[in-house]
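Trainee: Residue numbers (our numbering): 7 to 294.
Just so it is clear, CB atoms sit at the ideal spot from N, CA and C, and this is done for glycine as well.
Following this message is one structure expressed as structure tokens.
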């Protein structure tokens, strides 16, 4: 979801816009945004674990003025399930002569976690989604003879709903938001078919007045629904939301086969409606 566009006088700038919407970032075949540029070598995108969970929780608390239920965070560290699929972005800080650390460029301080070789890794972003089942198709007619083979189990179609998407401000010009989105889609398409789950669409809610957020999604192949969901953001004026969605396409499956340059994509090892509404708005055009 998305909150109001930033203004120079806005005191909540970091919470409203966790990353720039106008930055030219990655693209996969089948979408309408420009080709993906290489991501920084310091970046890795991995499943949320017990060791990174405290930092991930602090990140969400820092960027979003809403309190999530404990279950939301507990769900983030289990293996991918229909109720939760989550990844976090880690920045492995390296010492380079004459170069300032990125966290010194902004008041927001990323949370650190231990990394291999004694280096410092910071949780700088995260994304969390859930699956929403679609109506099941009619069952396949059973075999008419005792020798016929039973039909294979049918895949149930689901939509992937983006709950949270957040990036710390010093890292918002690097294309990490799109990298997180691409990584979560790739992970979903790799994992869920094993559970006879077919992911059909990805969608989210965006505050109706946040044109920058809507534009960001459009550039990444999403369509903006004409209908406004009224009273979605009860504390905002106007209070409506628009649904942005796009179908899973060939480009997404190409991403599954090829991976993403510069990113380590791993596999893991519902939020209540009102919480989703508030948080998704507070993520800039992100979700939560």
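Check residue 44 in the structure and name its three-state DSSP category.
Mentor: coil
Trainee: Among the candidates 188, 240, 215, 241, whose CA atom is the shortest distance from the CA of residue 308?
Mentor: With the chain covering only 7 through 294, there is no way to say anything about residue 308.
Trainee: Using the C-alpha atoms, what's the distance from residue 250 back to residue 197?
Mentor: 24 Å
Trainee: I'd like the span of the alpha helix (DSSP H) that includes residue 58, first residue to last.
Mentor: No alpha helix (DSSP H) contains residue 58, which DSSP labels as neither H nor E.
Trainee: Take the Cβ of residue 243 as the centre, count every other Cβ of all protein chains shown within 10 Å, and call the residue buried at 16 or more, exposed below.
Mentor: exposed
Trainee: Can you tell me whether residue 63 is buried or exposed? The criterion is at least 16 other CB atoms within 10 Å of its CB, across all chains shown.
Mentor: buried
Trainee: Using 8 Å as the threshold, is the C-beta distance between residue 245 and residue 237 below it?
Mentor: yes
Trainee: Where does residue 67 land, buried or exposed, given buried means 16+ other C-beta within 10 angstroms?
Mentor: Residue 67 should be labelled exposed.
Trainee: Determine the direct distance from the alpha carbon of residue 240 to that of residue 74, and round the result to whole angstroms.
Mentor: 18 Å
Trainee: Quick one, which of 259, 134, 140, 94 has its alpha-carbon nearest residue 57's?
Mentor: 94
Trainee: The beta strand (DSSP E) with residue 163 in it runs from where to where?
Mentor: It spans 162–173 - the beta strand (DSSP E) in which residue 163 sits, taken as one unbroken run.
Trainee: Taking DSSP as the reference, what is the three-state secondary structure of residue 177?
Mentor: Residue 177: helix per DSSP, three-state reduction.
Trainee: Give me whichever residues DSSP pairs with residue 87 in a beta bridge.
Mentor: According to DSSP, residue 87 bridges with 90.
Trainee: Could you check what DSSP says for residue 74 in three-state terms: helix, strand or coil?
Mentor: It is coil, neither helix nor strand.
Trainee: Going by CA-CA distance only, name the one from 201, 59, 169 that's closest to residue 190.
Mentor: 169
Trainee: In chain order, what are the residue ranges of uninterrupted alpha helix (DSSP H) at least 4 long that sit wholly in the region 183–266?
Mentor: 217–225, 256–264
Trainee: Roughly how many whole angstroms lie between the Cα atoms of residue 200 and residue 213?
Mentor: 35 Å
Trainee: Please report the residue range of the beta strand (DSSP E) in which residue 49 lies.
Mentor: Start and end: 49–53.
Trainee: Tell me which same chain residues have a C-beta within less than 6 Å of the C-beta of residue 133, skipping the five on either side of it?
Mentor: 93, 171, 186, 190
Trainee: I'd like to confirm the pairing. Which residues does DSSP put opposite residue 133 in its beta bridges?
Mentor: Answer by DSSP bridge pairing, in chain order: 93, 171.
Trainee: At the level of alpha carbons, what is the spacing between residue 128 and residue 258?
Mentor: Whole-angstrom Cα-Cα distance: 28 Å.
Trainee: Once you ignore the five residues that flank residue 204 on each side, which residues in its own chain have a CB closer than 8 Å to its CB?
Mentor: Close CB contacts of residue 204 within its chain, under the 8 Å cut and outside five residues either way in sequence, are with 161, 162, 163, 164, 198 (chain order).
Trainee: Is it right to say residue 86 is buried, meaning 16 or more other beta carbons lie within 10 angstroms of its own, or is it exposed?
Mentor: buried
Trainee: Within 10 Å of its beta-carbon, does residue 82 have 16 or more other beta-carbons around it, so buried, or fewer, so exposed?
Mentor: buried
Trainee: Decide if residue 202 is buried, meaning its Cβ has at least 16 other Cβ atoms within 10 Å, or exposed.
Mentor: Classification of residue 202: exposed, given that the 10 Å Cβ count is below 16.
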